[in-house]
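There are 2 protein chains.
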Amino acid sequence: MHIKINSIDTNFSTLSDSSSIPKQKTDLNNSELNETNSRRNSNDGTISTNKNVSIYGYDQIKHKKRIRKRESTVSGKRVAYENFTTIDWNHDFAKDRNRRNKVKKRKSLKGRIYLIYDACQSWILVILIGIVTGLLAAFIAISADWISDIKEGHCKSGFYLNRKFCCWGNPGYQCPDWEKWSDFFNIHHQFLKGIVNLFMYTFIACLATFIAAYLVREFAPYSAGSGIPEVKTILGGFVIKKFLGMRTLIMKCIGLSLSVGAGLSVGKEGPLVHVGCCVGNLCSRLFSKFNNNSARLREALSAASAAGVSVAFGAPIGGVLFSLEEVSYYFPMKTLWRSFLSALTGALTLQLMNPFRSGKVVLFQVAYTRIWHIFELPIYILLGIIGGLYGAFFIKMNMKVVKLRKFSWLKKYPIQEVFVVTLITSIISYGFLFLRVSMTQLISNLFRECSELESDFGGLCKKTQIKSTIFMLLIALVLKIIMTIFTFGIRVPAGIFVPSLAVGALIGRIVGILMQLWQESHPDLWIFSSCNPDVQCVTPGVYAFIGAAAALGGVTRMTVSTTVIMFELTGSLSYVLPVMVTVMVSKWIGDAFDKDSIYDALIDLNQYPFLDSKRDYYSDAIVSDIMTKVDNLIVLPAIGLTINDIENILQEYPFQGFPIVNNTYDKLLIGYIGRSELRYTIDQIEDIENVDGTIQCYFTKKSPDAYGIGDPNQQQKFLDLRPWIDSTPYTITPNYKVVKVLELFKKIGLRHVIIVRRGKLVGLLNKKDLLRYLSTLKTE
Amino acid sequence: MHIKINSIDTNFSTLSDSSSIPKQKTDLNNSELNETNSRRNSNDGTISTNKNVSIYGYDQIKHKKRIRKRESTVSGKRVAYENFTTIDWNHDFAKDRNRRNKVKKRKSLKGRIYLIYDACQSWILVILIGIVTGLLAAFIAISADWISDIKEGHCKSGFYLNRKFCCWGNPGYQCPDWEKWSDFFNIHHQFLKGIVNLFMYTFIACLATFIAAYLVREFAPYSAGSGIPEVKTILGGFVIKKFLGMRTLIMKCIGLSLSVGAGLSVGKEGPLVHVGCCVGNLCSRLFSKFNNNSARLREALSAASAAGVSVAFGAPIGGVLFSLEEVSYYFPMKTLWRSFLSALTGALTLQLMNPFRSGKVVLFQVAYTRIWHIFELPIYILLGIIGGLYGAFFIKMNMKVVKLRKFSWLKKYPIQEVFVVTLITSIISYGFLFLRVSMTQLISNLFRECSELESDFGGLCKKTQIKSTIFMLLIALVLKIIMTIFTFGIRVPAGIFVPSLAVGALIGRIVGILMQLWQESHPDLWIFSSCNPDVQCVTPGVYAFIGAAAALGGVTRMTVSTTVIMFELTGSLSYVLPVMVTVMVSKWIGDAFDKDSIYDALIDLNQYPFLDSKRDYYSDAIVSDIMTKVDNLIVLPAIGLTINDIENILQEYPFQGFPIVNNTYDKLLIGYIGRSELRYTIDQIEDIENVDGTIQCYFTKKSPDAYGIGDPNQQQKFLDLRPWIDSTPYTITPNYKVVKVLELFKKIGLRHVIIVRRGKLVGLLNKKDLLRYLSTLKTE
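Chains A and B are the protein sequences, given in the same order. All residue numbers for the first sequence refer to the UniProt record's numbering, where the first residue is 1 and numbers rise by one. All residue numbers for the second sequence refer to the UniProt record's numbering, where the first residue is 1 and numbers rise by one.
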């Protein structure tokens with residue numbers, strides 16, 4: 001045994017999930033022909049289901065010399081990734097290239113048809129994702145609406161109908177079929193009526209969130225929260241099993257309907273990205289191209305998150321840009337086009353489903369008829385500043401609450417917390433019109449021009465009571481901010497998009513009303529000279545619209561996506577420039593406090609292994625300062641290890657993989673083998689009955705006798721592990737600067753890099769160690 | 001002399017542009033203190049203006065051993081890139097990181113202020129780019145308008161006024177100040193009038209394009225054509241000097257006004273990207289951060305191209321997406337935000353300038369009042385198919401014409417060709433209303449609903465003469481296609497955006513009118529059941545709009561950008577989904593014929609060294625198959641070369657750089673030095689009077705005496721070239737697959753990669769050789 005037995009590396013140590021590995025047994029006595037074929041196919045980088053592992057006698061080894069040199073360039077076969085590990089983008093791309101190469105080489109008719117199918121797979125997949133996500137979004141929208149309405153009463157013609165459908169065809173507020181709870185319980189006393197309605201309102205809300213919280217805790221803990229930070233981490237190349245599974249999907253959909261319907265200060269829009277990604281992940285299982293390739297899967301997930309935003313806001317282009325700007329890590333042009341298609345299909349599906357029977361996908365349709373004036377620009381910039389400040393403030397406060405929730409006694413009582421938050425929210429909201437209506441209704445009313453509002457909404461347009469309106473808006477604003485800070489992060493599915501829009505719209509409307517007052521009281525001021533005296537000059541609805549964009553920009557720090565989403569939300573393009581200005585200012589102001597968006601802050605807090613490509617690091621360190629030195633690595637010699645030795649190493653050390661060297665004295669690097677692959681091979685061998693644990697393994701091109709092992713007279717058996725080796729791992733020299741290596745990790749998507757000096761192994765640096773080092777840099 | 005003297009590499013061999021290098025002389029007798037300081041600062045990767053090169057005696061070398069180990073990790077100092085070479089992204093990023101690192105370390109007040117300025121530099125730059133591009137776009141628009149109008153007549157109240165401004169304030173077509181040429185020449189005979197007007201129309205057009213072509217040929221040949229393929233190549237990391245210079249900018253602006261004003265079938269929108277990039281390049285010279293760093297410069301150019309499209313169409317978001325989807329090679333988030341700001345500033349400037357006095361940036365304002373019906377979707381898809389086919393056809397035909405122009409006798413007569421094309425175009429256009437009006441007017445009229453049209457445009461809305469209208473549209477379509485095919489590529493500034501939109505709009509309007517006819521003649525068909533009988537069901541203007549998107553998509557193969565540009569062009573968001581469907585279909589159909597967009601096709605034709613990140617290659621080859629083998633490389637030994645030797649090597653071999661090895665027997669790789677750097681150093685030394693050509697140079701950490709050279713008793717002098725070496729070049733082993741290396745080139749932006757086996761140099765692969773190999777793959 002030449003193996004070094006030290007340990008420093010601290011990777012996750014879950015054992016390989018063997019259920020995902022084809023469990024085909026292999027014969028001890030393969031015919032030579034099969035052997036050669038299997039070898040010849042071994043550079044496809046995929047797991048062929050037979051002849052994965054083979055043991056053969058010395059006489060067969062000589063034939064191996066005939067293997068074309070080319071086969072030494074394989075990146076090694078690979079089995080599925082373990083949970084909580086980072087993926088190796090580069091290997092997966094290589095695997096996919098090999099697969100396509102193989103498909104391309106099939107010249108038969110069947111092969112050609114398969115080639116066409118193969119080329120279409122991704123398009124079919126993203127269309128499927130779009131359709132399913134669209135259907136789910138419609139379901140969530142309808143059921144959340146129903147729960148929201150049922151809090152106030154029920155429909156006599158069918159309990160499953162929400163107020164809108166119950167009253168379909170009845171003009172105005174006349175609706176005989178819709179019965180308030182006080183009427184249902186036959187209460188006539190005016191005060192009691194109020195009490196009963198309040199009680200039912202609160203009771204149903206609490207019941208809904210209780211169910212949501214319970215279901216989440218019991219069946220799918222991953223479905224709580226927004227999901228976007230985790231999706232970002234997964235798209236960045238991390239494996240979190242079950243996060244995108246069927247259970248999570250179901251619970252997310254149900255929980256989302258319940259928490260949004262209950263009237264919590266949460267949106268359903270952000271979590272739809274998570275829903276989309278679950279759909280993406282589940283649909284991908286139908287297509288081999290994506291199911292067996294974690295990097296390709298992430299391309300599909302990027303498209304899925306575009307579909308999520310697309311159906312959330314009816315904003316297909318906004319969805320694509322959201323996927324690009326916020327969640328995706330690797331976003332080549334192909335993914336752009338697929339996201340485009342996926343978002344398109346989702347929006348089309350939603351439009352055809354027409355869940356709101358409005359015939360529109362646009363959520364807050366407005367039609368601003370007036371153009372903006374130059375004198376308004378400073379006010380827009382002011383809104384941008386306020387939005388940026390709000391974003392920074394919200395992130396800071398919410399992080400404090402989240403930390404409290406995560407690290408104090410509170411963490412033991414998630415359901416109780418949800419209950420209390422709902423109770424308080426419901427009681428407060430019941431008294432305020434601005435808070436009682438659903439947030440989309442609130443925003444939609446705040447965006448509108450007074451001339452467009454059907455009935456006066458909370459006195460927004462009554463000039464006579466302008467002071468009290470402003471006061472009410474201010475109170476609603478403060479309450480909304482507090483509720484949002486405490487609500488975002490509780491253990492039910494909950495998004496932050498719409499609450500941010502609501503806060504911003506409230507701010508904007510207040511500013512807009514004040515501006516309008518000023519202009520109307522001093523119409524002769526020189527700054528208002530561009531106003532046409534016959535027409536209303538200042539439109540408070542526009543300020544609400546721009547304020548909403550500013551707040552969303554401040555919280556999420558997106559620019560292009562925020563702008564486009566705002567347009568698609570309202571269907572109005574006349575305010576492109578003001579919105580762009582505001583969003584840019586809001587981002588700058590927010591970034592001046594902290595560069596992290598709410599999602600990045602959550603990623604940091606949860607210490608997800610996410611390599612943020614937006615962040616710059618400054619360091620003079622070189623790789624040899626932070627790498628795991630060769631003395632602390634477990635290295636495998638190319639020849640000389642028995643199956644038992646490998647079994648022992650695997651059981652003793654949790655490392656994700658092992659460098660292979662010619663021998664433990666020279667330590668000339670030969671390749672790298674992943675833990676999962678080694679585990680899989682050894683498991684297969686050990687499944688064979690009566691296997692001899694002293695069978696020697698070899699990882700090298702040279703036949704074992706070159707090393708003086710294996711007496712040609714004895715039919716000694718060897719285990720050939722070469723197909724599982726990555727014989728061209730990325731290597732660097734120890735004097736590379738860390739920041740230069742960081743670029744490699746970011747751009748190539750490495751999982752680890754091997755450090756050699758003149759061919760000799762001197763160390764290894766993996767992504768997690770690099771991230772750990774970078775986090776120390778950041779705290780400095 | 002141990003130097004290998006073979007040659008295979010065939011890089012461009014222009015000598016270094018020494019004008020861009022600070023020509024500071026250095027003393028032969030530096031004080032030791034200065035020496036050490038200069039050494040200590042040597043890892044900044046930039047050219048410090050003093051003590052760049054130094055020769056010192058042996059006694060000083062010992063002190064060098066005290067140099068911290070860290071300094072061996074520099075990527076080497078670098079001087080400016082030579083013309084027609086590819087840039088080394090990675091080195092430039094490292095250089096920038098070092099620069100920022102240095103700035104961050106300055107703790108004085110001045111340092112802090114500089115830090116803030118440094119952080120703002122890029123924002124200031126992109127704002128500046130936006131403003132200047134906006135101003136230039138306004139200038140081009142106004143002057144093209146004027147030339148276009150002057151063809152038909154002149155303004156009596158001022159020859160510099162175009163028709164619109166001349167007639168400002170006059171209602172309808174009443175305009176006493178505007179005088180037709182026939183009136184100017186006092187001609188009364190009806191037939192002669194027509195002849196004179198036609199003559200003047202043709203004469204002024206030909207004169208304008210003649211001037212344009214002459215100016216282009218004489219002063220700035222690079223200003224011809226669209227410029228987008230070259231901009232793409234430059235952004236992909238290639239150096240084409242003067243392509244973005246002041247002369248090119250001026251000639252492009254003047255030529256563009258002339259060629260567009262002359263009524264050629266060209267647009268000014270695409271070339272505005274080139275204008276934007278020229279502005280970007282020139283403005284960057286004001287900021288050291290960008291001026292000295294080719295990779296950072298490209299980030300600014302990405303933002304500039306966004307500003308270009310933004311001001312071209314009044315489409316700021318479309319501009320950002322165009323930059324992302326079509327022209328940019330490296331587009332990190334930072335660039336996205338900067339492009340956003342640049343596009344925003346450009347559009348704001350244009351709006352404030354208000355060159356058309358319409359108060360809008362929207363070019364073809366439409367307000368479609370009706371929603372689309374499901375039965376229209378197949379027709380939209382059909383339009384997508386037609387658009388895709390047109391795109392493929394146009395690219396194929398235009399390439400044939402371009403090839404003819406480039407490789408036949410025609411290439412000797414560019415000005416004559418322009419003249420002939422203009423002559424034919426003018427004569428044909430004069431007779432047809434659809435072709436005679438400017439293309440933007442044509443498109444704008446085709447997009448409009450009949451109810452919106454001020455006066456009936458060419459009988460578009462006359463139900464009585466529908467057949468002749470369709471016939472006229474068809475003829476206009478055919479002529480437009482032919483003219484565009486022959487025009488795009490002539491030696492005047494010319495874009496392809498607007499001609500594509502015009503062709504598409506013509507196709508769409510024809511289909512729309514036919515569709516409307518069908519629906520109106522069979523209103524009871526089941527497919528039309530969703531139509532409201534009281535309202536017009538089919539809007540031909542919408543079909544024109546969608547057809548235009550399809551044709552633009554077919555020619556440029558953009559999806560998201562096309563969609564967004566179309567919305568921003570028209571200010572109408574109600575048709576998001578149909579446009580998305582159409583654009584996607586158009587792209588698919590076009591791609592089915594050839595994956596190349598018009599710009600990619602031009603890049604291929606001109607054999608620009610552009611590594612298309614969208615294209616996939618399949619190859620089993622490994623690096624050792626295509627690399628330049630060590631025997632064919634000029635390698636420099638770390639010690640033993642005299643200044644005269646290096647001078648000889650530089651004069652004899654045109655290679656872009658030289659690997660440095662410990663000695664020419666072992667060939668252990670020590671680093672890499674670029675040609676320009678070596679040239680610069682040697683030039684500096686040779687400027688020193690009485691320099692001894694036999695002075696030894698060394699590239700290694702070890703002092704020369706370790707190699708047995710340099711007698712300590714003699715005060716022998718050495719030239720230290722270490723600061724100029726990249727001591728951590730990217731290295732790979734020879735068994736890497738080419739496709740894996742390709743990823744490195746694409747993602748890291750390498751210029752070359754060095755191939756080593758166990759520390760020993762075995763070869764080198766540079767970007768151009770790789771591109772050459774890839775082009776053979778493609779033709780297979």
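For every residue, glycine included, the Cβ atom is placed at its ideal position computed from N, Cα and C. Since this is a predicted model, take the numbers as computed values, not measurements.
Assuming residue i and residue j are in contact, meaning their beta carbons sit under 8 Å apart, how far apart are those beta carbons, in whole angstroms?
i: residue 612 of chain A; j: residue 293 of chain A; result: Actually they do not touch by this definition, with Cβ atoms about 24 Å apart.
i: residue 269 of chain A; j: residue 495 of chain A; result: 5 Å
Run down chain A in chain order and give the residues with a C-beta less than 9 Å from the C-beta of residue i.
i: residue 347 of chain B; result: 576, 577 and 580
i: residue 584 of chain B; result: 337, 340, 341 and 344
i: residue 316 of chain B; result: 563, 576, 577 and 580
i: residue 748 of chain B; result: 743, 744, 747 and 748
Check whether the Cβ of residue i lies closer than 7 Å to any heavy atom of the ligand GTP, and answer yes or no.
i: residue 122 of chain A; result: Ligands are entirely absent from the displayed structure, and the ligand GTP is therefore not among its contents.
So which residues of chain A does residue i contact, with C-beta pairs closer than 7 Å?
i: residue 94 of chain B; result: 740
Does the beta carbon of residue i sit closer than 8 Å to a beta carbon anywhere in chain E?
i: residue 97 of chain B; result: Although the question refers to chain E, the structure presented lacks it and instead comprises the protein chains A and B.
With respect to the alpha helix (DSSP H) encompassing residue i, which residues constitute its N-terminal and C-terminal limits?
i: residue 642 of chain A; result: Not the alpha helix (DSSP H): residue 642 of chain A falls in the beta strand (DSSP E), residues 639-642.
i: residue 784 of chain B; result: This structure does not reach residue 784 of chain B, given that chain B is present from 1 up to 780, and the question cannot be answered.
i: residue 375 of chain B; result: No alpha helix (DSSP H) contains residue 375 of chain B, which DSSP labels as neither H nor E.
i: residue 179 of chain B; result: Note, residue 179 of chain B: premise wrong, no alpha helix (DSSP H); beta strand (DSSP E) at 178-180.
i: residue 414 of chain A; result: 414-431
i: residue 606 of chain B; result: That residue, residue 606 of chain B, is in no alpha helix (DSSP H); it is neither H nor E in DSSP.
i: residue 324 of chain B; result: First-last for residue 324 of chain B: undefined, no H or E at that position.
i: residue 541 of chain A; result: 540-556
Kindly list, in the order they appear in chain B, the residues whose Cβ is closer than 8 Å to that of residue i.
i: residue 568 of chain A; result: 573 and 576
i: residue 728 of chain A; result: 732, 733, 735, 736, 737 and 740
i: residue 250 of chain A; result: Under the 8 Å cutoff, chain B gives no residues; its nearest Cβ is about 29 Å from residue 250 of chain A.
i: residue 333 of chain A; result: 325, 613 and 614
Under 7 Å Cβ-Cβ, which residues of chain B neighbour residue i?
i: residue 444 of chain A; result: Here the premise fails: no neighbours, minimum Cβ distance about 16 Å.
i: residue 296 of chain A; result: Under the 7 Å cutoff, chain B gives no residues; its nearest Cβ is about 13 Å from residue 296 of chain A.
i: residue 104 of chain A; result: 618
Return the first residue and the last residue of the beta strand (DSSP E) that residue i is part of.
i: residue 630 of chain B; result: Premise fails: residue 630 of chain B is in no beta strand (DSSP E) and is neither H nor E.
i: residue 199 of chain A; result: Looking at the DSSP string, residue 199 of chain A is not in any beta strand (DSSP E); the run it does join, the alpha helix (DSSP H), is 190-219.
i: residue 755 of chain A; result: 752-757
Closer than 8 Å by beta-carbon distance: list the chain A residues that pair up with residue i, in chain order.
i: residue 523 of chain B; result: Near residue 523 of chain B there are no residues of chain A at all, since even the closest Cβ is about 21 Å away, more than 8 Å.
Quick one: what's got a C-beta closer than 7 Å to residue i's C-beta in the same chain, skipping five residues either side?
i: residue 776 of chain A; result: none
* Three CB pairs or more closer than 8 Å across the region 136-147 of chain A and the region 319-338 of chain A -> The region 136-147 of chain A makes no contact with the region 319-338 of chain A, as fewer than three CB pairs between them are under 8 Å.
* Pairing CB atoms from the region 540-557 of chain B with CB atoms from the region 381-392 of chain B, are three or more of them under 8 Å? -> Cβ pair count under 8 Å is three or more, so yes.
* Can you find at least 3 beta carbon pairs, one from the region 592-606 of chain A and one from the region 338-347 of chain B, that sit closer than 8 Å? -> Contact fails: fewer than three Cβ-Cβ distances are below 8 Å.
* Counting pairs of Cβ atoms below 8 Å between the region 143-160 of chain B and the region 199-213 of chain B, do you hit three or more? -> Per the Cβ contact rule, the region 143-160 of chain B is in contact with the region 199-213 of chain B (3 or more Cβ pairs under 8 Å).
* Asked: Counting Cβ pairs closer than 8 Å, one from the region 465-485 of chain A and one from the region 243-259 of chain A, do we hit at least three?
  -> Under the Cβ criterion (8 Å, minimum of three pairs), the region 465-485 of chain A does not count as touching the region 243-259 of chain A.
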